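S.K.: This is the structure I want to talk about, given as structure tokens.
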Amino acid sequence: MRIATAFVKSSVSNPARRRWARLLLAAGLASSLGVASAADWPARPVKIVVPFAAGGTTDLIARLIATPMSQELGQPVVVENRPGVGGLLGADAVAKAAPDGYTVLMANISYPLAALVAQGAKRLNFDPLADLRSVSVVANVPLVITSTPSVPARNLKEFAELLKKNPSTHYAYGSTGPGSYIHVFGMWFQEQTGASMTHVPFKGAAPLKGEMLAGRIQMGGDQLSSSLSDIRAGSLTALAVTSPQRSPSLPDTPTVSELGFTGIDTEGWNGLLAPAQTPDAVVARIGQAVSKAVQQPAIRQRLAELGAEASGSSPEQMSALLKSQFVQFGPMVSRLQLE
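Structure, rendered in structure tokens:
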């Protein structure tokens, strides 16, 4: 935890001066990467930073598109896992990387939430909207709330009733890190129901799922891709999906809104972001590679098997989505006083 502690507690003697220096450097790099030279980009491997442990949905999707993107770009596209601080450790590294298109971030729905939590606690060393720019939503993935089969509840409403009837029973819920969607959901769920659970954060969906399958965590959740096979096998119970509509992959699982829980529903997504001053032409080139990758029938089929829907959105569409989720969850995170 030494790295994570340094990240969340580090202070800068002159933050304004450091940001100004970054902007000057970025401007110089951007001018050197004009439209003409951007046509020659990339000249070396491109790195996708996944801010979670290997094995989760975000990691799987990054690795799924890496090969077709490499074929399109003519350079290797490599995936690097940098888990920690609810995904913000990797995001911080990309925000401060050279804005040349060679380092990008594969983020998900937890990015705006973790950033809001860290901002509220005054421990975020970059601006989540100003220091990273949207490139493309790669895929939309429903979020699913799950429990272990030992919990006698078939959906989220029954789970809430179970907690109310058995207040002395100890239940733990796991998340993919502080400020992740499931962390926020768990706190919100307790506020709405009056229940009490212990939050156990992990560095990604894979270690969380491992603890749930072992029966040590009673409730959790993540993007559907991480747990779909276990739900179908009966190893996990799907309590609800958070999307406005039911997932075609889990047609019998109700939405949170159907069960009477409103205000927390949202679409899950995975998408690429780049350092803010990355030239438009380079961003467009990366976005084009993403779009062509997710249009391949084999990629679309694999995403569908994971419960995901291929996207390949424009930077403007992704930016609008991000901003809307900051607006949606900002008041909730502030009210819950998450840390």
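Throughout the sequence shown, residue numbering follows mature numbering (1 follows the signal peptide of the UniProt record, and there is no 0), covering -38 to -1, 1 to 301 in sequence.
Note that CB positions come from ideal geometry on N, CA and C, so glycine has one too.
Since the model is a prediction, treat every value here as computed from it, not as a measurement.
Helix, strand or coil for Trp150? Go by DSSP, reduced to three states.
M.R.: Translated into positions along the sequence shown, residue 150 becomes position 188. Residue state, collapsed to three classes: helix.
S.K.: Can you find at least 3 beta carbon pairs, one from the segment 207 to 217 and one from the segment 26 to 33, that sit closer than 8 Å?
M.R.: Verdict: no, contact absent.
S.K.: Would you kindly work out how many angstroms separate the C-alpha atoms of Asn87 and Val47, rounded to a whole number?
M.R.: Along the sequence shown, read from residue 1 onward, the residue named residue 87 stands at position 125. Along the sequence shown, read from residue 1 onward, the residue named residue 47 stands at position 85. Roughly 12 Å between the two C-alpha positions.
S.K.: Measure from the alpha carbon of Ala15 to the alpha carbon of each residue in Ala157, Leu67 and Pro169, then state which is nearest.
M.R.: Your numbering for residue 15 matches position 53 in the sequence shown. Of the candidates Ala157, Leu67 and Pro169, the one whose C-alpha sits nearest the C-alpha of Ala15 is Pro169.
S.K.: Taking the continuous beta strand (DSSP E) assigned at Thr199, which residues delimit it?
M.R.: Against the sequence shown, residue 199 aligns to sequence position 237. Thr199 to Val203 is the span of the beta strand (DSSP E), which, as asked, contains Thr199.
S.K.: Per DSSP, which one or two residues make a beta bridge with Arg116?
M.R.: Stepping through the sequence shown from its first residue, residue 116 is reached at position 154. In DSSP, Arg116 forms no bridge with anything.
S.K.: If you reduce the DSSP assignment to three classes, tell me which class residue 303 lands in.
M.R.: With the chain covering -38 to 301 only, the question about residue 303 has no answer from this structure.
S.K.: Closest to Val245 by C-alpha separation, out of Glu123, Ser275 and Ser197, would be which residue?
M.R.: Residue numbering aside, residue 245 sits at position 283 when the sequence shown is read from its first letter. For the residues Glu123, Ser275 and Ser197, the minimum Cα distance to Val245 belongs to Ser275.
S.K.: Taking Cβ positions only, does Trp150 come closer than 9 Å to chain B?
M.R.: Within the model displayed, chain B is absent; a lone protein chain is all it includes.
S.K.: Express the C-alpha separation of Ala1 and Lys165 in angstroms, rounding to a whole number.
M.R.: Start at 1 with the first residue of the sequence shown, and residue 165 comes out as number 203. Start at 1 with the first residue of the sequence shown, and residue 1 comes out as number 39. If I take the Cα positions, the gap works out to 38 Å.
S.K.: Should His132 go down as buried or exposed, given a rule of 16 or more other Cβ atoms within 10 Å for buried?
M.R.: In the sequence shown, the residue the question calls residue 132 occupies position 170. Counting Cβ neighbours within 10 Å, His132 comes out exposed, since fewer than 16 surround it.
S.K.: Roughly how many angstroms separate the alpha carbons of Glu278 and Asp192, rounded to a whole number?
M.R.: By one-based count along the sequence shown, residue 278 stands at place 316. By one-based count along the sequence shown, residue 192 stands at place 230. Going from the Cα of Glu278 to the Cα of Asp192 covers about 36 Å.
S.K.: Can you list, in chain order, the residues of its chain whose CB lies under 8 Å from that of Ala(-12), leaving out five sequence neighbours each side?
M.R.: Taking the sequence shown and counting its residues from 1, the one referred to as residue -12 is at position 27. The pLDDT assigned to Ala(-12) is 48, lower than 50, so where the model puts this residue is not dependable; a value taken from the coordinates is nonetheless given after this. Result list for Ala(-12): Gln239, in chain order.
S.K.: Can you check which of these residues, Trp3, Ser158 and Gln207, is closest to Tyr64 by C-alpha distance?
M.R.: In the sequence shown, the residue the question calls residue 64 occupies position 102. Checked all of Trp3, Ser158 and Gln207; the closest Cα to Tyr64 is Trp3.
S.K.: Which one or two residues does DSSP pair with Val66 in a beta bridge?
M.R.: The residue you call residue 66 lines up with position 104 of the sequence shown. Val66 is bridged to Ile10.
S.K.: When you compare each of Ser286, Ala251 and Glu220 to Gly230 by their alpha carbons, which one comes out closest?
M.R.: Taking the sequence shown and counting its residues from 1, one reaches residue 230 at position 268. Residue Ser286 is the option with its Cα nearest to Gly230.
S.K.: According to DSSP, is His145 part of a helix, a strand, or is it coil?
M.R.: As a working mapping, residue 145 is identified with position 183 in the sequence shown. Helix at His145.
S.K.: Once you ignore the five residues that flank Trp150 on each side, which residues in its own chain have a CB closer than 7 Å to its CB?
M.R.: In the sequence shown, counting from the first residue as 1, residue 150 sits at position 188. Cβ neighbours of Trp150 beyond the five flanking positions: Ile226, Met294 and Leu298.
S.K.: Mind checking which residues open and close the alpha helix (DSSP H) that includes Leu22?
M.R.: As a first step, residue 22 is located in the sequence shown; it is residue number 60 there, counting from the start. Run containing Leu22: Thr19 to Leu35, per the alpha helix (DSSP H) assignment.
S.K.: With burial defined as no fewer than 16 other Cβ atoms inside 10 Å of the residue's Cβ, what is the status of Lys126: buried or exposed?
M.R.: Locating residue 126 in the sequence shown gives position 164, counting from the first residue. Exposed: under 16 other Cβ atoms inside 10 Å.
S.K.: Please state if the CB of Ala101 and the CB of Gly235 are separated by a distance shorter than 9 Å.
M.R.: Start at 1 with the first residue of the sequence shown, and residue 235 comes out as number 273. Start at 1 with the first residue of the sequence shown, and residue 101 comes out as number 139. According to the sequence as given, residue 235 is Leu; it is not Gly. Not closer than 9 Å, so no.
S.K.: Run the CB neighbour count on Lys84, radius 10 Å, all protein chains shown included, and call it buried at 16 or more, exposed below.
M.R.: As a first step, residue 84 must be located in the sequence shown, where it is residue number 122. Its Cβ having fewer than 16 others within 10 Å, Lys84 is exposed.
S.K.: Would you list the one or two residues that DSSP bridges to Asp184?
M.R.: Residue mapping note: residue 184 aligns to position 222 of the sequence shown, counting from 1. Val106, per the DSSP bridge assignment.
S.K.: Can the beta-carbon of Ser189 be found closer than 9 Å to that of Ala202?
M.R.: Position 227 of the sequence shown holds residue 189. Position 240 of the sequence shown holds residue 202. In this structure, Ala202 does not lie closer than 9 Å to Ser189 by Cβ.
S.K.: Can you name the start and end residues of the beta strand (DSSP E) that Pro163 belongs to?
M.R.: Translated into the one-based positions of the sequence shown, residue 163 becomes position 201. Note, Pro163: beta strand (DSSP E), Thr160 to Pro163.
S.K.: Taking its Cβ as the centre, do 16 or more other Cβ atoms sit within 10 Å of Asn128, making it buried, or is it exposed?
M.R.: Your numbering for residue 128 matches position 166 in the sequence shown. When all chains shown are included, Asn128 counts as exposed.
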